[in-house]
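Student: This structure is in structure tokens; I'll ask about it shortly.
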Amino acid sequence: MPETKLKVELPDGSELELESGATGADAAAAIGPGLAKAALALKVDGELRDLSAPLAGGETIEIVTDRSPEALELVRHDAAHVLAEAVLDIWPGAKISIGPPIESGFYYDIEFPEGEAPGPEDLERIEERMREHISADEPFERRELPVAEAVEHFREEGQDYKVELIEDLQRDEGASTVTLYRNGAFEDLCRGPHGPSTGRIGAFKLTSLAGAYWRGDETRQMLTRVYGTAFLDRKALAAHLEMLEQAKERDHRKLGPELDLFRFRPESPGMPFWLPNGSVLLELMQEEVRGQLRKRGYREIRTPEVLDEELWHRSGHWDNYKENMFFVESEDRRFALKPMNCPGACLVFGSTRHSYRELPLRLAEFGKVFRNEREGVLHGLLRVRSFTQDDAHVYCTEDQVTGECVDIIEAIDELYARFGFDDVRLELSTRPQKSIGSAEQWERAEAALRGALESAGRDYQLNPGDGAFYGPKIDFHVTDALGRSWQLGTCQLDFFMPERFELGYTGADNAEHRPVMIHRALLGSMERFAGILIEHHGGRLPLWLAPVQATVLPVADRHNDAASEIAAELREAGLRVGIDERSESVGRKIRDAELAKAPYMLVVGDREQEAGVVSVRSHEGGDLGQMKPGELAARLAAESR
RNA sequence: GCCCGGGUAGCACAAUUGGUAGUGCACCGACCUUGUAAGUCGGACAGUGCGGGUUCGAGUCCCGCCCCGGGCUCCA
Numbered sequence: 002m003p004e005t006k007l008k009v010e011l012p013d014g015s016e017l018e019l020e021s022g023a024t025g026a027d028a029a030a031a032i033g034p035g036l037a038k039a040a041l042a043l044k045v046d047g048e049l050r051d052l053s054a055p056l057a058g059g060e061t062i063e064i065v066t067d068r069s070p071e072a073l074e075l076v077r078h079d080a081a082h083v084l085a086e087a088v089l090d091i092w093p094g095a096k097i098s099i100g101p102p103i104e105s106g107f108y109y110d111i112e113f114p115e116g117e118a119p120g121p122e123d124l125e126r127i128e129e130r131m132r133e134h135i136s137a138d139e140p141f142e143r144r145e146l147p148v149a150e151a152v153e154h155f156r157e158e159g160q161d162y163k164v165e166l167i168e169d170l171q172r173d174e175g176a177s178t179v180t181l182y183r184n185g186a187f188e189d190l191c192r193g194p195h196g197p198s199t200g201r202i203g204a205f206k207l208t209s210l211a212g213a214y215w216r217g218d219e220t221r222q223m224l225t226r227v228y229g230t231a232f233l234d235r236k237a238l239a240a241h242l243e244m245l246e247q248a249k250e251r252d253h254r255k256l257g258p259e260l261d262l263f264r265f266r267p268e269s270p271g272m273p274f275w276l277p278n279g280s281v282l283l284e285l286m287q288e289e290v291r292g293q294l295r296k297r298g299y300r301e302i303r304t305p306e307v308l309d310e311e312l313w314h315r316s317g318h319w320d321n322y323k324e325n326m327f328f329v330e331s332e333d334r335r336f337a338l339k340p341m342n343c344p345g346a347c348l349v350f351g352s353t354r355h356s357y358r359e360l361p362l363r364l365a366e367f368g369k370v371f372r373n374e375r376e377g378v379l380h381g382l383l384r385v386r387s388f389t390q391d392d393a394h395v396y397c398t399e400d401q402v403t404g405e406c407v408d409i410i411e412a413i414d415e416l417y418a419r420f421g422f423d424d425v426r427l428e429l430s431t432r433p434q435k436s437i438g439s440a441e442q443w444e445r446a447e448a449a450l451r452g453a454l455e456s457a458g459r460d461y462q463l464n465p466g467d468g469a470f471y472g473p474k475i476d477f478h479v480t481d482a483l484g485r486s487w488q489l490g491t492c493q494l495d496f497f498m499p500e501r502f503e504l505g506y507t508g509a510d511n512a513e514h515r516p517v518m519i520h521r522a523l524l525g526s527m528e529r530f531a532g533i534l535i536e537h538h539g540g541r542l543p544l545w546l547a548p549v550q551a552t553v554l555p556v557a558d559r560h561n562d563a564a565s566e567i568a569a570e571l572r573e574a575g576l577r578v579g580i581d582e583r584s585e586s587v588g589r590k591i592r593d594a595e596l597a598k599a600p601y602m603l604v605v606g607d608r609e610q611e612a613g614v615v616s617v618r619s620h621e622g623g624d625l626g627q628m629k630p631g632e633l634a635a636r637l638a639a640e641s642r
């Protein structure tokens, strides 16, 4: 007989002796009753398993509890199963497909019987049913089944999507068996693992309904996706819902019109109308970018928005981007609105001869581009049909690439910090399957970008195969005040375009050479960046970006003249100042200024008029007492830096 | 493009089983002359996204279109 004991190693390096045939749950119990109770799953040599999984001995195990980082994913996956269970209770004819945990919760894609698709009001009904299953604390039970039996099983139940999944698994991964998990009367095809029972789902909520194609393929069946979120306890759920509420409050689509920054009109879906305040904001952002351009030797160009269709054949956009372009016709000539600025920049470069002495030649353009995005994907300022890129194209030699990219990384760091984003993440994307150029060329290009990242001393994430077909790239991401991540700037190498446009420069050897082109954008889209800024700051932009930095509030009509003088003096000092001359009470004017998110309010009444001062109130600090206009201007100027 | 939900005054919302479209804020006018988040009174403003249909009668029901919102692999 083999030995009756087995040994496993624990994360702290100690050994645990167990009876042979012991499971993860036994291991947890052997360590302590508290842990046994808290245990959700097991990690065997770093791989997540069910608690009920038998141990072989010799492996390193870790008990996953509600405090483990994996716990959320586990519980959400459990919740997805309970969701499917509840749906099948209510709609026995429903066909379920997949139901994974996702970043913010979980979902399940389901085909409901014809004409019985649920509405938002049905979510509560499903939730109620789910709660019943959770309080019943149904254990998750795993079993393994040969593929043929599993297919038979799901075919009998009319679960066609499961049958398809299993058949695909067999074909693509050579699976001979699949695993099923049962909770209550419900059994689902699932890789697992799962928590011990449904009772461990601390708190959940179904959040929304959406359509989703089976396997994301728009030629296939449209399913109903039920979204939900789950947490280990009520408090965490409440915090998450609170965060969503906050995000709603900060939504730039709500704040933009409220603060008179921009608005949308049906006359031009996906193209914003910028109001005076919003124009000021864009202008300030642009000035900040221009500061970087001046500092780093970029020169600004402007190229046409409308260009002959032929150009887009030459640039390759016709083949790759035609569906997203707008076209216009005039006098039998077909033109396209530019979706990108690079061809224009290449025409500028190519229209004169260049010497190696001019390189790197850095041409920047605040270029307005037009992209005919499908209607359904438009989303406020974040996904539009026209926007302004703070674009630039650097023409240089291969040797110069690293230096240029370091410079771009620095520019982005400085710029993002200035706008209040400290957490910048870099990603390097390398050669994709479909690409042009030689292997050596790619190797050198990727090495140049890696070199830039290293000499800038930056950590980065590698995305192999995620580059553009014409060259590798570095993307820049920031995290906003609500913890959401946004991709902003980009720095891409391009071997393709200089080739296509037959660009050249005369080298020191008096021969013609092909320059390398770097596309780079710092903020990306000015409009999109403005939208992200608005959400990041909750509409309360930092003083230097506030379209109106201070509002002068005369106490009574007789103070209007004095107030105008103050306003004029502050404007003279370069501040953006408004004035509220309505015959309203001070309280009212303050309220309205606060709602307009004015950083400073300057009250002028008898006392101030006499002393030649203003009473200053800031949103943050409340009443700051009296100041002379000059003092105030200096203070605000200092704060704006 | 597709699925689900929505569209009533500038904005937020209301309108029994189909039965004369309302309220608040904003706006305009008058009064008040105001001291750190809403002063008082009065007035004007939509024919219900657009087009058709059913009906004695449609914001409510039906059809088509437009726009807005949530989504459309984070793959058992």
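Numbering of the first sequence is given in the numbering used here, commencing with residue 2 and proceeding in unit increments. All residues carry an ideal CB built from backbone N, CA and C; glycine is no exception.
1. Counting Cβ pairs closer than 8 Å, one from the segment 427-436 and one from the segment 452-469, do we hit at least three?
2. Which stretch, first to last residue, makes up the alpha helix (DSSP H) that contains Leu596?
3. Compare the Cα-Cα distances from Glu393 to each of Asp234, Arg335, Arg291 and Leu546 and report the closest residue.
4. Going by CA-CA distance only, name the one from Arg608, Glu609, Leu596 and Lys629 that's closest to Leu571.
5. Hey, Gly317 and Phe497 are a contact pair by Cβ (cut 8 Å); roughly how many whole angstroms apart?
6. With a CB to CB cut of under 7 Å and the five nearest residues on each side skipped, what residues in its chain are close to Arg126?
7. Skipping 5 residues on each side, what residues in its chain have a beta carbon closer than 6 Å to that of Ala522?
8. Counting only the same chain and skipping the five closest in sequence on each side, list residues whose C-beta sits under 7 Å from that of Val614.
9. Just checking, does the segment 369-389 make contact with the segment 511-519 on the three C-beta pairs under 8 Å criterion?
10. Where does Leu362 sit, in a helix, a strand or coil, going by DSSP?
11. Roughly how many angstroms separate the alpha carbons of Glu259 and Trp275, rounded to a whole number?
12. Whose C-alpha, out of Ile135, Glu71, Gln160 and Leu19, is nearest the C-alpha of Leu89?
13. Excluding sequence positions up to five away, which residues of its chain have a Cβ less than 6 Å from the Cβ of Gly579?
14. Please classify Pro194 as buried or exposed, where buried requires at least 16 other C-beta atoms within 10 Å of its C-beta.
15. What are the residues that DSSP puts in a beta bridge with Gly106?
16. Could you please give the first and the last residue of the uninterrupted beta strand (DSSP E) stretch that includes Trp443?
17. Tell me whether Glu455 is buried or exposed, calling it buried when 16 or more other Cβ atoms sit within 10 Å of its Cβ.
18. Indicate whether Arg251 and Glu536 have their beta-carbon atoms separated by less than 8 Å.
19. Per DSSP, which residues does Thr230 bridge with? Please list them.
20. Could you give the residue range of the beta strand (DSSP E) that holds Cys492?
21. Any contact between the segment 295-314 and the segment 560-570? By contact I mean 3 or more CB pairs, one from each, below 8 Å.
22. Would Thr345 and Leu294 qualify as a contact pair, given that the criterion is a beta-carbon distance under 8 Å?
23. By how many angstroms is the C-alpha of Asp481 removed from the C-alpha of Gly540?
24. Please look up how many angstroms separate the CB atoms of Ala72 and Val65, rounded, as I've assumed it's under 8 Å.
25. Can you tell me the Cβ-Cβ gap for Phe477 and Ile413, rounded? I've got them flagged as a contact below 8 Å.
26. Please classify Val549: does DSSP put it in a helix, a strand, or coil?
27. With respect to the alpha helix (DSSP H) encompassing Ser21, which residues constitute its N-terminal and C-terminal limits?
28. With DSSP run on the structure shown, which of helix, strand or coil describes Ser53?
29. Starting from the Cα of Lys206, find the closest Cα among Ile167, Val395 and Glu243 and give me that residue.
30. Per DSSP, Val1 is paired with what?
31. Between the segment 43-62 and the segment 96-105, can you find at least three pairs of beta-carbon atoms closer than 8 Å?
32. For Ile111, which option in Trp545, Arg608 and Arg216 has the closest C-alpha, if you only look at C-alpha atoms?
33. Alpha carbon to alpha carbon, what distance is there between Glu609 and Ser486?
34. Note down, in chain order, each residue of its chain lying with its Cβ closer than 7 Å to the Cβ of Leu360, except the 5 sequence neighbours on either side.
35. Quick test of your reading: Tyr162 and Lys96, contact by CB under 8 Å. State the CB separation rounded to the nearest angstrom.
36. Sorry if obvious, but does the Cβ on Leu427 come closer than 7 Å to a heavy atom of the ligand GDP?
Tutor: Reading it off the structure:
1. Contact between the segment 427-436 and the segment 452-469 is present, because at least three Cβ pairs lie under 8 Å.
2. Under the DSSP assignment, Leu596 falls in the alpha helix (DSSP H) whose first and last residues are Val587 to Leu596.
3. The sequence given here places Ala at residue 393; Glu does not occur at that position. It is Arg291.
4. Looking at the Cα atoms, Lys629 is the closest of the given residues.
5. Rounded, the Cβ-Cβ distance is 7 Å, consistent with contact.
6. The residues are Ile91.
7. Same-chain partners within the cutoff: Gln390, Asp391, Asp392, Gly490 and Thr491.
8. Excluding positions up to five away in sequence, the list reads Gln627, Met628 and Lys629.
9. The answer is no - the segment 511-519 does not touch the segment 369-389, with fewer than three Cβ pairs under 8 Å.
10. Collapsing the DSSP output to three states places Leu362 in a strand.
11. Roughly 13 Å between the two C-alpha positions.
12. Sorting Ile135, Glu71, Gln160 and Leu19 by C-alpha distance to the C-alpha of Leu89 places Gln160 at the top.
13. Hits under 6 Å: Val549 and Thr552.
14. By the neighbour-count rule (16 or more Cβ atoms within 10 Å), Pro194 is buried.
15. Gly106 is bridged to Ile103.
16. Counted as a single uninterrupted DSSP element, the stretch harbouring Trp443 is not any beta strand (DSSP E) but the alpha helix (DSSP H) occupying residues Ala440 to Ser456.
17. Taking every protein chain shown into account, the CB of Glu455 has fewer than 16 other CB atoms within 10 angstroms, so this residue is exposed.
18. Contact: yes.
19. Under DSSP, the beta-bridge partners assigned to Thr230 are Lys206.
20. Counting along the chain, the beta strand (DSSP E) containing Cys492 begins and ends at Ser486 to Asp495.
21. Contact between the segment 295-314 and the segment 560-570 is absent, because fewer than three Cβ pairs lie under 8 Å.
22. Here residue 345 turns out to be Gly, not Thr, going by the sequence shown. No. Outside cutoff.
23. Taking the straight line joining both Cα atoms gives about 13 Å.
24. Correct: roughly 6 Å between the Cβ atoms.
25. That belief holds up - the Cβ atoms of Phe477 and Ile413 are roughly 5 Å apart, short of 8 Å.
26. Three-state DSSP puts Val549 in coil, outside helix and strand.
27. Unbroken run through Ser21: none, as it is neither H nor E.
28. Coil.
29. When only C-alpha atoms are compared, the closest one is Glu243.
30. Outside the shown range of the chain (2 to 642) lies residue 1, about which nothing can therefore be said.
31. At 8 Å Cβ cutoff, the stretches do not touch.
32. Closest option to Ile111, Cα to Cα, is Arg216.
33. Between the alpha carbons of Ser486 and Glu609 lies a gap of roughly 47 Å.
34. Closer than 7 Å at the Cβ level, and outside the excluded window around Leu360, lie Tyr396, Cys397, Thr398, Gln401, Tyr506 and Pro516.
35. Correct: roughly 6 Å between the Cβ atoms.
36. With respect to the ligand GDP, the structure shown offers nothing to examine, as it has no ligands at all.
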